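Please read the structure below before turning to the comments.
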Amino acid sequence: MKRLILVALLSLPLATFADGAFKDCSMKAGKMTKKADLEKMATVKPDEAKKIALGGTPGASIVKGGIETEEGCLVYSYHVKAPNETGQNEIFVDAGNGQILKREHEGKLRTAAEKPVDKTKELAGKAKEKLSGEPSTNQAMTK
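Residues 99 to 241 (this note's numbering) make up the sequence shown, in order.
Next comes the structure, spelled out in structure tokens:
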């Protein structure tokens, strides 16, 4: 029973991506593309993407995020915390044209469930960079 609950919690963050929000993205990228190459491909730069994700919300701040590949699309994914709001919002910004592709609210339970997934992504990124023989540039997930 504990395993079933654990699998459900770990699958929760991944299950939300199956809604087709990324079908109209402007730039494609492979999961195995190095972070440095993703950054070079993006026409929207990180500072601009952060401004778009914050959306002019006074007092909002970025908790973590950076450039990544989601469902084959090159995006910036930022977790944004707004004042007077519980949880945080994950904002996906198209790295090619700056359009917001998806916005989703994450409560405390969802945020806690994502921690192991974030750690796995971080370790996978480091392993990918190590295998390529180049220094790791996996600084996209800022905390």
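Built from N, CA and C at the ideal position, the CB exists for glycine as well. Small disclaimer: the values here were computed from a predicted structure and weren't measured.
Simplified DSSP assignment, three categories, for residue i
i           : result
residue 118 : coil
residue 129 : coil
residue 143 : coil
residue 218 : helix
residue 212 : helix
residue 229 : helix
Cβ-heavy atom distance, residue i to the ligand NAD, below 7 Å
i           : result
residue 166 : The ligand NAD is not part of the structure shown, which contains no ligands of any sort.
Whole-Å CB distance - residue i paired with residue j, under 8 Å assumed
i           : j           : result
residue 172 : residue 134 : That pair is no contact at about 13 Å.
residue 228 : residue 167 : About 18 Å separates the two Cβ atoms, so there is no contact after all.
residue 193 : residue 161 : Contact flag wrong, Cβ pair sits at about 19 Å.
Minimum C-alpha distance to residue i - residue among the options
i           : options            : result
residue 137 : 159, 151, 164      : 164
residue 140 : 169, 150, 195, 182 : 195
residue 84  : 223, 144, 152      : Look at the range of the chain in this structure, 99 to 241, and you will see that residue 84 is not part of it.
residue 182 : 176, 159, 222      : 159
residue 150 : 217, 191, 203, 200 : 191
residue 224 : 132, 124, 200      : 132
residue 202 : 184, 143, 124, 219 : 184
residue 146 : 222, 226, 198      : 198
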